[in-house]
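Input: a single structure, listed below in C-alpha cells.
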Amino acid sequence: MPTVTLFAKAYNNRRLDSFDKNLRSTLEGLKVEVKTCGATARGWIQISVSGEDENVALRYLDDRIGLCPASFEDIHRFSTIKGRITNLENSRSELRIDMGVFSPSIYDTTIPLARLQAQLADGRKTTLKEIAGLFGFSENLPITVKIDNVDKDKSLIEAEVAEKQRRHYIAWAESMLDRLLILGSSHSGIELAVEQAGLNRDVVNIEPLGGFEYAVVCKLGTDAVGLIPRIGKNLRNASMAVFSPRRIFTFFENKLPLPIS
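Per our numbering, the very first residue in the sequence shown carries number -18; after that it's consecutive.
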C-alpha cells in the first residue's frame, strides 16, 4: 500500500476531512482502497492507495491533482515542477518555493530576485515586494517552476518561473479582468460567500489553482480589491491577494508584459 504526497495542502482538519470525502468520490468505480493518512509538517496531504486498480488511480491522481516529489533525489535539472510560494515575508533576495520535498529533510527551491526581475519585470531593478504585489504572490500560492540547478553537495535547488506559468500570467493580463486569489477555501465555500455578498453579477467564474486555492474572475470593470471585505467576512480562515491587469499595464507603461525568453 504505497503512500504518496499529493499536490494539495490541508489548511486545517476540516479541509482534510472535506478532501477525504472528495477523494473517495473521485476514485469511485475503481477497484482501490484509498485512505487519507494526514498531512506533512507543512500541510501537504498524504494518502495511501492499494488494490487492483492502484496504478490507474495513481496515474489519474497525478494527472488531476499532481504528486509531490518525495525526496531530494527526485528533483532533476530542467524538469518542470509545481510548488507553493513560502516564507514570502522573510525574504528580499529570492522567492522560495515549497515543492513538498521532506526526505531526507525539507528542501525548498529558490528563484533569485535577479531572475524574477528578468522574467517578470522586463529586467527592471524592482524589489521582491513590488513583484509580489504585481502578480498577487502570497503564502501558499501555487506556481509552476523549471529547475535550473541541483547541487546535491550543497543541498541547493534553484529554479526560474516556468514558461507555462508566464504564459498564464500573460493570458490573465490580456483579459483585463481582475482576479481575487483566495487561498484556503473550498469551491463551494467561495460560491456561498459570493452569493451571500450579493456579488454573483460581478463574478464571471471561479478558476481552480490547487486543491483549496482559487481565482475569482471579476466582471470587466469590477475591482477585485473592493470584493475583499465583502467576501472576506464569510471566509475568515482564507487569505486573499489580487491580480490586477491594470496595475501591471500601468507598471509596464501599457506594453505587453512578460516577454517570453
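Virtual Cβ for every residue (Gly too), placed ideally from N, Cα, C.
Is the stretch -15 to -2 touching the stretch 21 to 32, taking contact as three or more C-beta pairs under 8 Å? yes
If you scan the stretch 42 to 108 from start to end, which runs of the alpha helix (DSSP H) of 4 or more residues do you find wholly inside it? 94 to 101
Out of Glu75, Gln146, Leu8, point me to the one whose CA is closest to Lys127's CA. Looking up residue 127 in the sequence shown gives position 146. Per the Cα distances, Gln146.
What are the partner residues of Arg148, as DSSP defines its beta bridges? As a first step, residue 148 is located in the sequence shown; it is residue number 167 there, counting from the start. None; Arg148 has no bridge partner.
To the nearest angstrom, report how far apart Phe230 and Ala154 are at their CA atoms. In the sequence shown, the residue the question calls residue 230 occupies position 249. In the sequence shown, the residue the question calls residue 154 occupies position 173. Distance between the alpha carbons of Phe230 and Ala154: 8 Å.
Check the DSSP bridge columns for Thr(-16) and list the partner residues they point to. The count along the sequence shown starts at 1 and reaches residue -16 at position 3. Paired residues: Ser29.
Contacting residues, own chain, Cβ-Cβ under 7 Å from Pro123 (five flanking each side not counted): Against the sequence shown, residue 123 aligns to sequence position 142. The answer, listed in chain order, is Lys63, Arg65, Leu190, Gly191, Glu194.
C-alpha distance - Asn(-7) paired with Ser166, whole-angstrom precision: Start at 1 with the first residue of the sequence shown, and residue -7 comes out as number 12. Start at 1 with the first residue of the sequence shown, and residue 166 comes out as number 185. Going by the C-alpha atoms only, they are around 10 Å apart.
Taking the straight line between their C-alpha atoms, what separation do you get for Phe118 and Thr107? Here residue 118 refers to the residue found at position 137 when the sequence shown is read from its first residue. Here residue 107 refers to the residue found at position 126 when the sequence shown is read from its first residue. C-alpha separation (whole angstroms): 14 Å.
So, is Ser225 buried or exposed, given that buried needs 16 or more other C-beta atoms within 10 angstroms? The residue labelled residue 225 in the question sits at position 244 within the sequence shown. Burial call: buried.
Roughly how many angstroms separate the alpha carbons of Leu94 and Ser60, rounded to a whole number? Locating residue 94 in the sequence shown gives position 113, where the first residue counts as 1. Locating residue 60 in the sequence shown gives position 79, where the first residue counts as 1. Going by the C-alpha atoms only, they are around 20 Å apart.
Using a Cβ-Cβ cut-off of 7 Å (strictly less than) and excluding sequence neighbours within five positions of Arg96, which residues of its own chain qualify? Here the question's residue 96 lines up with position 115 in the sequence shown. Counting only Cβ-Cβ distances below 7 Å, and skipping sequence neighbours, we find Glu141.
How many Å lie between Val185 and Asp159 at the Cα? Taking the sequence shown and counting its residues from 1, one reaches residue 185 at position 204. Taking the sequence shown and counting its residues from 1, one reaches residue 159 at position 178. Rounded to whole angstroms, Val185 to Asp159 spans 10 Å at the Cα level.
Own chain residues within Cβ distance below 6 Å of Ile241, not counting five before or after: For the purposes of this step, residue 241 is taken as residue 260 along the sequence shown, with counting starting at 1. Low confidence applies to Ile241: its pLDDT is 49, below 50, so where it sits in the model is not reliable, and the reading given next is rough at best. For Ile241, where only same-chain residues beyond five positions count, there are no Cβ hits under 6 Å.
Segments assigned beta strand (DSSP E), at least 3 residues, entirely inside the stretch 173 to 232: 184 to 189, 194 to 199, 220 to 224
Closest to Arg45 by C-alpha separation, out of Ile151, Leu8, Arg(-5), Thr91, would be which residue? If you number the sequence shown from 1, residue 45 lands on position 64. Of Ile151, Leu8, Arg(-5), Thr91, the residue nearest in Cα terms is Leu8.
For the ligand MG, is there any heavy atom lying closer than 8 Å to the beta carbon of Val126? You won't find the ligand MG in this model; it holds no ligand whatsoever.
Would Val131 and His57 be called neighbours here (beta carbons separated by less than 9 Å)? Position 150 of the sequence shown, counted from the start, is the residue given in the question as residue 131. Position 76 of the sequence shown, counted from the start, is the residue given in the question as residue 57. Going by C-beta atoms, Val131 is nearer than 9 Å to His57.
So what's Arg23 in DSSP terms, helix, strand or just coil? Locating residue 23 in the sequence shown gives position 42, where the first residue counts as 1. Correct three-state label for Arg23: coil.
What is the C-beta distance between Leu162 and Ala222, in whole angstroms, given that I count them as a contact (C-beta under 8 Å)? Along the sequence shown, one-based indexing puts residue 162 at 181. Along the sequence shown, one-based indexing puts residue 222 at 241. With a Cβ gap of about 4 Å, Leu162 and Ala222 count as contacting.
Does the distance from the CB of Ala22 to the CB of Phe83 come in under 9 Å? What you label residue 22 is simply residue 41 of the sequence shown in a count that begins at 1. What you label residue 83 is simply residue 102 of the sequence shown in a count that begins at 1. Yes. Within cutoff.
Alpha-carbon spacing of Phe232 relative to Ser220, whole angstroms: Numbered from its first residue, the sequence shown carries residue 232 at position 251. Numbered from its first residue, the sequence shown carries residue 220 at position 239. Cα to Cα, Phe232 sits roughly 25 Å from Ser220.
Taking Leu76 as the reference, which of Phe53, Pro85, Asp55, Gln100 has the closest Cα? Translated into positions along the sequence shown, residue 76 becomes position 95. For Leu76, the nearest C-alpha among the options comes from Gln100.
Determine which residues share a DSSP beta bridge with Lys127 and list them. To locate residue 127, count along the sequence shown from 1; it is residue 146. In DSSP, Lys127 forms a bridge with Thr61, Glu141.
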